[in-house]
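Below is one structure; the comments refer to it alone.
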Amino acid sequence: MTTTITRPNESRAARLITDVLDPKTWIIADTMLTGWHTSRLAGIGWGLLGCLFAAVIPLAFIKYGIRRGRWSDRHVGQRQQRIIVMSFIVSSVATGMLLLWAFDSPQTMIALVAAMLVTLAALLAVTPAWKISVHAAVSSGSVAMLAMTYGPWLLLAFPVVAAVSWSRVELKDHTLGQVLAGAAVGGAVAASTFALVR
10 MTTTITRPNE SRAARLITDV LDPKTWIIAD TMLTGWHTSR LAGIGWGLLG CLFAAVIPLA
70 FIKYGIRRGR WSDRHVGQRQ QRIIVMSFIV SSVATGMLLL WAFDSPQTMI ALVAAMLVTL
130 AALLAVTPAW KISVHAAVSS GSVAMLAMTY GPWLLLAFPV VAAVSWSRVE LKDHTLGQVL
190 AGAAVGGAVA ASTFALVR
């Protein structure tokens, strides 16, 4: 269960959206829904494997770092700290993708995790110079890939991406430019990689 802690004078709605619709939530949705669409119950198993390396292990690393005082919160707001966390997550996601490939996973699942990896690498490349929004990138890429899997009607979920982006600006964690760039990069890189690999 997610614990939502608001700071004085901040929007409760923005904090709730930021905390509930964080990258982990989108990754779980992507892996489970894509796995189910690909091969039903067996696909859920592949989805769980992908989720382990793309969400569970990274989240455990972040929580460990918080307990050790290495970063202040689970969204890892400071850019220098983000570089360390994102580098670890790149390694974890790459390991997950290699395992999916080694165990002969459906190509769609490999494509999904590859899209996550390439998107994360693109965000990591920008982060040393600019705090691009990971929340906006992951939510935008997720909606794009789910629409490619289930049909274009899922593009109707893009207002949820807008809500996530609004929450990041409202909480002063990002500027409007950072969330717009994140959404654009996340959507474009994830969709193109997913289409190319699958």
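If you're matching positions, the sequence shown starts at 10 in my numbering and goes up one per residue.
Cβ atoms here follow ideal geometry from the backbone N, Cα and C, with glycine treated the same way.
A quick note: this is a predicted structure, and the numbers were derived from the prediction, not measured.
Beta-carbon contacts of residue i that lie in its chain and below 8 Å, excluding the five residues immediately before and after
{"i": "V152", "result": "L163, L164, A166, F167, V169, V170, G196"}
{"i": "A192", "result": "S142, A145, A146, S148, S149, V170, S174"}
{"i": "W45", "result": "G52, I53, G56"}
{"i": "L155", "result": "A38, D39, L42, T43, L163, A166"}
Endpoints, the alpha helix (DSSP H) within which residue i is located
{"i": "V184", "result": "Note on identity: in this sequence residue 184 is Thr, with Val being the wrong assignment. T184 -> no alpha helix (DSSP H), and no H or E assigned at all."}
{"i": "L108", "result": "88 to 111"}
{"i": "V178", "result": "167 to 179"}
{"i": "F70", "result": "66 to 76"}
{"i": "R21", "result": "21 to 29"}
{"i": "S114", "result": "No alpha helix (DSSP H) holds S114; DSSP gives it neither H nor E."}
{"i": "T158", "result": "143 to 159"}
{"i": "S81", "result": "Counting along the chain, S81 falls outside any alpha helix (DSSP H), and DSSP gives it neither H nor E."}
{"i": "K140", "result": "That residue, K140, is in no alpha helix (DSSP H); it is neither H nor E in DSSP."}
{"i": "W55", "result": "32 to 60"}
Beta carbon of residue i nearer than 8 Å to that of residue j
{"i": "G56", "j": "T40", "result": "yes"}
{"i": "T202", "j": "V127", "result": "yes"}
{"i": "I71", "j": "R88", "result": "no"}
{"i": "P115", "j": "T158", "result": "no"}
{"i": "R207", "j": "T117", "result": "yes"}
Own chain partners of residue i with C-beta closer than 7 Å, once the 5 adjacent residues on each side are dropped
{"i": "E19", "result": "L180"}
{"i": "G86", "result": "D182"}
{"i": "A131", "result": "V194, V198"}
{"i": "V122", "result": "G59, A63, V102, G105, M106, L109"}
{"i": "L185", "result": "V178"}
{"i": "L68", "result": "K33"}
Own chain, CB closer than 6 Å to residue i, minus 5 neighbours either side, in chain order
{"i": "I66", "result": "S101"}
{"i": "Q90", "result": "W80"}
{"i": "M10", "result": "Residue placement at M10 is poorly supported in this model, since its pLDDT is 44, which falls under 50; the coordinates are not used for a value here."}
{"i": "M125", "result": "A63, V102"}
{"i": "I36", "result": "A63, A64"}
{"i": "L30", "result": "V173"}
{"i": "A23", "result": "S176, E179, L180"}
{"i": "S113", "result": "First, the residue type needs correcting, since residue 113 is Asp and not Ser in the sequence shown. There are no such residues."}
Residue-chain proximity (residue i, chain B), Cβ-Cβ < 8 Å
{"i": "D39", "result": "This model lacks chain B altogether, as it is built from one protein chain only."}
Task: Stretch pair the segment 61 to 72 + the segment 101 to 119: three plus CB contacts closer than 8 Å - done: Between the segment 61 to 72 and the segment 101 to 119, the count of C-beta pairs closer than 8 Å reaches three or more; the two stretches touch.
Open item on the list: Between the segment 121 to 137 and the segment 76 to 95, can you find at least three pairs of beta-carbon atoms closer than 8 Å?
Closed with: Taking 8 Å as the limit for Cβ pairs, the verdict is that the segment 121 to 137 does touch the segment 76 to 95.
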